[in-house]
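Q:
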Amino acid sequence: MFELVRRLSRFLATMDAKLATSLALSLAILVSVAAMLIYGRGFVSVDADGGLSRLFEQVAASPLAVIGVIAIFSLLALTGFPQFMLIAATVVWFGPWNGALYAWIATMASASVTFAIGRLFGGEWVVRIGGKRGESLIGFLNRHGVVASGLIRVVPSAPFIVVNAAAGAAHIPFWKYLLGSGVGIVPKISLVAALGAIAPDQAANADGLSSVLSFFTEQEPRRLAILFALVVGWLFFLYAVRVIYQRLRTD
């Protein structure tokens with residue numbers, strides 16, 4: 002155990018600064034997503050009045066719920082709202098498996114909308130909203146097409162609208178963009194769905210923090226090990242993808 006900790010410390014000490022920042026950001030997002038999944042619908046809010054919660058409540062009551070989820074994703078994509086949080090909100094309201102399916106469909110639809118915006122307004126507009134990062138993404142997507150479309154879904158690189166608009170401005174074929182994006186968003190959605198399946202029942206959280214702490218202290222070691230493996234596995238997966246991303250960007 003001590004040897005594992007020592008190796009991990011050495012690994013973290015020699016890590017590239019940008020990679021360390023990316024991993025730290027991803028860990029912070031995971032903590033936020035976990036809080037949303039644990040506390041459930043009461044946490045799903047974009048303002049003090051619970052605007053996002055009300056939207057999902059109305060959508061969930063409709064027989065065309067998936068259309069409503071697509072609309073929410075597409076509208077909030079234009080604001081730069083974190084995609085991870087939207088996926089988590091969908092899992093909270095529709096459950097791990099239906100939520101994952103709805104989130105995948107809605108992400109693809111909203112990505113297509115913002116791709117079209119980038120294709121329509123061009124590279125200058127993308128650079129205007131995304132700065133040097135937007136310009137860099139256009140070049141990266143133009144050079145690597147399908148692979149780049151998949152990698153940028155995993156690696157935190159820019160707001161959702163900037164990433165998709167950059168793909169449109171790069172004039173990569175739409176089918177390549179859809180293929181890369183469709184595969185690239187699967188790990189993120191699968192992670193959130195898996196965490197949602199492990200998270201405590203929302204009805205069990207009536208006592209707030211104490212009930213959440215009870216959930217973790219009363220769980221079987223096997224379930225806690227699965228939770229730990231999911232988080233650590235995601236961070237190592239992110240590390241591997243980030244390394245590939247960095248190498249391709251320097252080509």
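So for the sequence shown, the numbering used here puts the first residue at 2; every next one is plus one. Here a beta-carbon is modelled for each residue, glycine too, at the ideal position from N, C-alpha and C.
#1: Would the segment 178 to 186 and the segment 91 to 98 be scored as touching if the rule is three or more Cβ pairs under 8 Å?
#2: Work out the CA separation of R134 and V255 for me, nearest whole Å.
#3: Look at the Cβ atom of I118, then the Cβ atom of A104, and state whether they are nearer than 8 Å.
#4: Could you work out which residue in Q247, T251, L196 is closest to A230 when comparing CA atoms only?
#5: For a cutoff of 8 Å on Cβ pairs, would you count L142 as touching chain D?
#6: Does the structure place the segment 230 to 239 close enough to the segment 127 to 144 that three or more beta carbon pairs sit under 8 Å?
#7: Considering S158, what are the terminal residues of the alpha helix (DSSP H) in which it resides?
#8: Are the Cβ atoms of R224 and I245 separated by less than 8 Å?
#9: State the DSSP-derived secondary structure class of F116, mapped to helix, strand or coil.
#10: Thinking C-beta only, is F116 closer than 8 Å to N165?
#11: Thinking S75 and V127 are a contact (beta carbons under 8 Å), I'd like their distance in whole angstroms, please.
#12: Assign G81 to buried or exposed, taking buried as 16 or more other Cβ atoms, counted over all protein chains shown, within 10 Å of its Cβ.
#13: Report the start-end ranges of each alpha helix (DSSP H) in the segment 90 to 178 that is 4 residues or longer and not cut off at the edges.
#14: Which one of L102, G69, V163 has the shortest CA to CA distance from A194?
#15: Can you give me the C-alpha to C-alpha distance between L180 and Q59, rounded to a whole angstrom?
#16: Just the C-alpha distance for M1 and H145, rounded to the nearest angstrom, thanks.
#17: Cα separation between R120 and N99?
#18: Using the Cα positions of P160 and P83, report the straight-line distance between them to the nearest angstrom.
#19: I'd like to confirm something about L179: is its beta-carbon nearer than 7 Å to some heavy atom of the ligand MG, or not?
#20: Given a cut-off of 8 Å, decide if I173 and L142 are closer than it, judged by their beta-carbon atoms.
A: Looking at the coordinates:
#1: no
#2: Missing from the structure shown is residue 255; the chain here goes from 2 to 252 and no further.
#3: Walking along the sequence shown from the start, residue 118 turns up at place 117. Walking along the sequence shown from the start, residue 104 turns up at place 103. For I118 and A104, no; Cβs fall outside 8 Å.
#4: In the sequence shown, counting from the first residue as 1, residue 230 sits at position 229. When each option's Cα is compared against that of A230, the closest is L196.
#5: Here chain D cannot be found, since the structure has a single protein chain.
#6: no
#7: As a working note, residue 158 is residue 157 in the sequence shown. Note, S158: premise wrong, no alpha helix (DSSP H); not H, not E.
#8: For the purposes of this step, residue 224 is taken as the residue at position 223 of the sequence shown. For the purposes of this step, residue 245 is taken as the residue at position 244 of the sequence shown. For R224 and I245, no; Cβs fall outside 8 Å.
#9: As a working mapping, residue 116 is identified with position 115 in the sequence shown. DSSP places F116 in helix when its eight states are reduced to three.
#10: The residue you call residue 165 lines up with position 164 of the sequence shown. The residue you call residue 116 lines up with position 115 of the sequence shown. Yes.
#11: Sequence index remark: in the sequence shown, residue 75 carries index 74 (1-based). Sequence index remark: in the sequence shown, residue 127 carries index 126 (1-based). The Cβ separation is near 18 Å, so there is no contact.
#12: Locating residue 81 in the sequence shown gives position 80, counting from the first residue. Exposed, because fewer than 16 other Cβ atoms sit within 10 Å of the Cβ of G81.
#13: 97 to 152, 161 to 170
#14: Reading the sequence shown from its first residue, position 193 is the one you call residue 194. Measuring from the Cα of A194, the nearest candidate turns out to be L102.
#15: In the sequence shown, counting from the first residue as 1, residue 180 sits at position 179. In the sequence shown, counting from the first residue as 1, residue 59 sits at position 58. One C-alpha to the other measures close to 32 Å.
#16: Given a span of 2 to 252 for the chain in the structure shown, any question on residue 1 remains unanswerable.
#17: Locating residue 120 in the sequence shown gives position 119, counting from the first residue. Locating residue 99 in the sequence shown gives position 98, counting from the first residue. Each residue's Cα considered, the two are about 32 Å apart.
#18: Translated into positions along the sequence shown, residue 160 becomes position 159. Translated into positions along the sequence shown, residue 83 becomes position 82. Answer to the nearest angstrom: the Cα atoms are 7 Å apart.
#19: In terms of ligand content, the structure shown is empty, and the ligand MG therefore cannot be addressed.
#20: The sequence position of residue 142 within the sequence shown is 141, counting from 1. The sequence position of residue 173 within the sequence shown is 172, counting from 1. Result yes, Cβ atoms of L142 and I173 sit closer than 8 Å.
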